[in-house]
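*Asks:* Which chain is which? The protein sequence lines are A and B, in order.
Under our numbering, think of the first position of the first sequence as 659, with each following residue one higher.
Under our numbering, think of the first position of the second sequence as 71, with each following residue one higher.
Even glycine gets a Cβ: it sits at the ideal position worked out from N, Cα and C.
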Amino acid sequence: MTAVTASIDRRRECDVLCDHCRLPVPTGLVNPLAGHQFCCAGCEAVYEAVTGCGMDDYYRLRDAAGATLVPAQPGEAKFESFDSLGFQQIHVQSAGGLCSVDLFLEGVTCAACLWLIERLPRVVGGVVEARLSLRRATVRVTWQPEKVTLSQIAAVLDRFGYTPHPSRGRAREVAYRTEFRARLVKLGVAGAISGNLMLVGAAMYAGWFGGAGNMAPEYLQLFRIVSLVLGSVCLAWPGSEFFTNAWTACRSRTINLDVPIVLALMAGGLAGTANVFTGRGEVYFDSLSTLVFLLLIGRFLQFRQLRQAESSLDLLLSLMPSNCRVVMEDGQTVDMPAAALTIGSLVEVRPQEFIPADSTITRGRSEVDQALLTGESAHVKVDAGDEVFGGTKNGGGVIWLRVSRVGEESRIGQLMKLLERGLLEKPGIVRFADKVSVWFVLLVSVAALATFVWWARTDLPAAISHAVAMLIVTCPCVLGLATPVTIAMAMGQLARRDVLVKSGSVLERLACGGRLILDKTGTLTTGQMTVVDFVGCPEVWPSISEIERRSNHPVAIALARHRIESERTNGSQSRWDVTERGDGGVSATSPEGAVLIGNRSFLERNGVCGNGAAWGEEIETAEREHEAAGHTVVLVAMDGRTCALIALRDELRSGTGEAIEHLRAAGFRPEICSGDAQGAVDRVASQLGVALVLARGGVSPEGKLSVLRESAGMGVVMVGDGVNDAAALAAAGVGIAVQGGAEAALAAADVYIARPGLEPLIDLVDTARRTMRVIRGNFAISLSYNVLAGGLAACGFMNPLVAAILMPLSSATVLSVAAFAMRGRRSGKNQSGGIR
Amino acid sequence: MSVIYLVLPLALLLAGAAVGAFMLAVRSGQFDDLDTPPERMVVDDDDVA
């Protein structure tokens, strides 16, 4: 998994920048003799690979787009499994001697990526075409199977810094595309018909104003017949959706928004048809087709929002392990796609690999990391006979598994279904519209019936015409159109300011205020730690930086950098087997011994009970001093004894204080919840004016979850960035991942902020509040409009011209209110030229 | 005024042709991805410098 750890604000003017990713090169790695500077071996490898193919323009384009690339991970992955028969059957389509596949790529950011990836045919012989979709970060590669294999193509993509995964959402994407096109065609047809009917209508009204003698009856009848034909096409084709939905609702004895709409469409359509044939009264088809057109726009926007939620699910699925090693009867292992597993298959899982399906261990023992599944970071020891779940990560041992459940039956499959249901949930305010519609139908029917009865006593044709007018003019257009439009506008506006919102319901929940739980490191503070003190035997430094180099926690980055700055030579040659524990530390083992690096409670949990004899007292004193000063204290333990202490300091981001004040005014109660020591959290809390009771330090991922669950019923917004926040982000009412977050956190969160600092959070909250204000305001406007129009219709003042003007006018009113109110202040802070 | 019998169907035919062209464009996938093509247009030339 790529972890986007680099944040732009970490870049400083004086730094030497990496020639690949434009992030500062650690001082120790700057080589004045070399022509190019790199921050890590991964970036260097990618730079060589790109320039080696003569693709130097890539970097020019990157500078032109003003984008930052993701620091590259050294490509160690193997892609042989991409050539296996099972993989090809599932992911590869072949036609006319050519094969094609959809690959999801990590690290796609901007136009430069597009340029480089689509030049794949020139780099790899045999590749016919590569088409990238920036929105989905998915490339469709077409190649000649006799000239090149998919694994070779995948390896080249990986060398360029884009790790490929088979795209999981293909079936869904194809289904989406079909429906998207069908909806767009219907939208176009409805728009064209309503436009043309308006022209026809204008001719008829002109004749009506000019007096009865001005338009010869045969021409008038021609226009009426044209209206009937075009209007019927509009109702029968693009409008059919409303009829089907309303019919489905009726059969299940419920009422949704489509019922009052269909009521209006049917009443208008039938009365209009009758009037055309009798040659008297009004034809309503221009109003009806405009109604269909406007409502379809609303539906179209809603449909696209749902799809955005779905894509984030597919992303999560694509990052899941796709391959596994199946043990054949002769004891040989064969690579196979995990999706091809069947119940009873025997699978071998090596250290640090993901377990592909729910299964029982038949051989070996290990420990399992279930963080992805349960959010629990503590490893569970497993032995032969124990059950393990798909999607969890194997620890240190090689195990053989007998598969017991696959696909949707498995625990991860169930979880995905839950996630899917949650993500696809309609925004609350839209559900509200469905609820309102029950009352709506009742009220309108009663009003129409009353109008009919009142007029029927004196004039039966007028009674019918007025009742029909009542049904049409009160059609709840604003509920179906203005709300989705407002939400879509808000989401688009936020996206332009680098705040990506996954579903519209988030805005509703954010507007209410409530608890706001903030992670400290990286969110409130810059996340750029600097080492202020070191106590202990200096010999452990090389090992510390060697271990912390593998991690992307801010503390780890600071430790690794500090070591590089202070001494570059005599690096430790031992190979550390490093496990990032996600609960406050890192553990590593090598032939020389076991090392634990982390906070005090992490060490104690892992059985470190006392200080080493040599440095014990110094460490104890320093620990007290630094904790009182609010510094972050990291302890190092070797073979069960603490042997060193490192104190780090993390500065508050500028503007954080004002941001907290602003959010408080918006109805939030800020809380701080961090894995860091209580002293450091207290220091930040007092600086920000957060009550010390609400500042919790030393909280584990499980602790974060339980802090979230403390308050039932109250809205909880969680802001965080790390792997240790992922579970809490998913469980919170609104989970917000901030820039630099780990991929797991991004996938679990409802909102992703691609700009550092809390300022975008203010943007988000303000936009959410404004959106809800606009939606409520539009409800009020449309309600008063309906009362007015209904009153006119009941009194018999509603002629077709008034209806034809009032109906689009009401939609225009609510839409312009939405457009005007949502425009708000323009922020010039959008500095990223890239597309995400 | 009887020219309306000729002009009205003609106008509708014209509108129908436009709708047909739109449907062809949609079905050939021209509206599927609105994010990538504008970027591609910028970088598509070989002599980017």
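Select from the stretch 764–795 of chain A all residues with a C-beta closer than 7 Å to any C-beta belonging to chain B, and list them in chain order.
*Replies:* A769, L772, W773, L790, S791, L792 and R793
*Asks:* Which ranges would you report for the alpha helix (DSSP H) in the stretch 749–832 of chain A if only whole runs of at least 4 residues count?
*Replies:* Every alpha helix (DSSP H) of 4 residues or more that sits fully in the stretch 749–832 of chain A is shown, in chain order, as 769–776, 778–781 and 808–817.
*Asks:* Please compile the residues from chain B whose C-beta is within a distance smaller than 8 Å of the C-beta of L842 of chain A.
*Replies:* Neighbours of L842 of chain A across chain B, judged by C-beta separation under 8 Å: V96 and F101.
*Asks:* What does a CB cutoff of less than 7 Å around V782 of chain A pick up in its chain, not counting 5 residues either side in sequence?
*Replies:* Answer for V782 of chain A: V806, Q810, I811 and V814, listed in chain order.
*Asks:* Can you tell me whether M1480 of chain A is buried or exposed? The criterion is at least 16 other CB atoms within 10 Å of its CB, across all chains shown.
*Replies:* M1480 of chain A comes out buried.
*Asks:* Would you kindly work out how many angstroms separate the C-alpha atoms of G819 of chain A and A1338 of chain A, rounded to a whole number?
*Replies:* Between G819 of chain A and A1338 of chain A, the C-alpha separation is close to 37 Å.
*Asks:* Assign Q1151 of chain A to one of two classes, buried (16 or more other C-beta atoms within 10 Å of its C-beta) or exposed (fewer than that).
*Replies:* buried
*Asks:* I need the straight-line Cα distance from R793 of chain A to V1099 of chain A, nearest angstrom please.
*Replies:* 41 Å
*Asks:* Apply the 10 Å Cβ neighbour rule to H694 of chain A and answer buried if 16 or more other Cβ atoms are within range, or exposed otherwise.
*Replies:* exposed
*Asks:* So, is the C-beta of L80 of chain B closer than 9 Å to a C-beta in chain A?
*Replies:* no
*Asks:* Starting from the beta carbon of V708 of chain A, find every residue of chain B whose beta carbon is closer than 9 Å, and list them in chain order.
*Replies:* Neighbours of V708 of chain A across chain B, judged by C-beta separation under 9 Å, do not exist; the nearest C-beta is about 14 Å away.
*Asks:* With a threshold of 9 Å between beta-carbons, can V77 of chain B be considered close to chain A, or not?
*Replies:* no
*Asks:* Can you give me the C-alpha to C-alpha distance between I1057 of chain A and A998 of chain A, rounded to a whole angstrom?
*Replies:* 20 Å
*Asks:* Of the residues that make up the stretch 84–95 of chain B, which ones have a beta carbon closer than 8 Å to any beta carbon in chain A?
*Replies:* A85, A88, V89, F92 and M93
*Asks:* Distance check for R789 of chain A and R718 of chain A, CA to CA, integer angstroms please.
*Replies:* 21 Å
*Asks:* From L104 of chain B to G1325 of chain A, what does the alpha carbon distance come to, in whole angstroms?
*Replies:* 38 Å
*Asks:* Under a three-way DSSP split, which group does N981 of chain A fall into?
*Replies:* strand
*Asks:* Can you tell me which of the three DSSP states P1466 of chain A falls into?
*Replies:* In the structure shown, P1466 of chain A sits in a helix (DSSP, three-state: H, G or I).
*Asks:* Is Y877 of chain A close to chain B? Criterion is C-beta to C-beta, closer than 9 Å.
*Replies:* yes
*Asks:* Have a look at R720 of chain A and T709 of chain A and give me their C-alpha separation to the nearest angstrom.
*Replies:* In a straight line, the C-alpha of R720 of chain A is about 14 Å away from that of T709 of chain A.
*Asks:* Quick one, are the C-beta atoms of I1130 of chain A and L915 of chain A less than 9 Å apart?
*Replies:* no
*Asks:* Against chain B, does F838 of chain A count as a neighbour if the rule is that its beta carbon must be under 9 Å from one of theirs?
*Replies:* yes
*Asks:* Could you tell me which residues DSSP pairs with K1039 of chain A in its beta bridges?
*Replies:* A:E1025
*Asks:* Just checking: is the beta-carbon of R1581 of chain A within a distance shorter than 9 Å of some beta-carbon in chain B?
*Replies:* Any answer about residue 1581 of chain A is impossible in this case: the structure gives chain A only from 659 up to 1494.
*Asks:* Within 8 Å, do at least three Cβ pairs link the stretch 694–704 of chain A to the stretch 740–751 of chain A?
*Replies:* Per the Cβ contact rule, the stretch 740–751 of chain A is not in contact with the stretch 694–704 of chain A (fewer than 3 Cβ pairs under 8 Å).
*Asks:* Distance, Cα to Cα, L1174 of chain A vs P1009 of chain A?
*Replies:* 39 Å
*Asks:* Is any beta-carbon of chain B found at less than 9 Å from that of A894 of chain A?
*Replies:* Under the 9 Å criterion on CB atoms, A894 of chain A is classed as non-interfacial with respect to chain B.
*Asks:* Across the stretch 1259–1266 of chain A and the stretch 1287–1300 of chain A, are there enough close Cβ pairs to call them in contact, namely three or more that are closer than 8 Å?
*Replies:* The stretch 1259–1266 of chain A, when compared against the stretch 1287–1300 of chain A, does touch it at the 8 Å Cβ threshold.
*Asks:* Taking Cβ positions only, does L888 of chain A come closer than 9 Å to chain B?
*Replies:* yes
*Asks:* Are L1451 of chain A and A1127 of chain A touching if we call contact CB-CB under 9 Å?
*Replies:* Checking the sequence shown, residue 1451 of chain A turns out to be Ala, not Leu. Yes. Within cutoff.
*Asks:* Which residues in chain A sit within 8 Å of V73 of chain B, going by Cβ to Cβ distance?
*Replies:* The contacting residues do not exist; V73 of chain B stays about 11 Å from chain A at best.
*Asks:* In chain order, what residues of the stretch 935–946 of chain A put their CB closer than 7 Å to some CB of chain B?
*Replies:* none
*Asks:* Buried or exposed: which applies to S1123 of chain A, given that a residue is buried once 16 or more other Cβ atoms fall within 10 Å of its Cβ?
*Replies:* buried
*Asks:* Hey, Q963 of chain A and M1149 of chain A: beta-carbon distance below 9 Å or not?
*Replies:* yes
*Asks:* Using the beta-carbon count (16 or more within 10 Å), is M862 of chain A buried or exposed?
*Replies:* buried
*Asks:* For R1307 of chain A, which beta-bridge partners are listed by DSSP?
*Replies:* A:T1188
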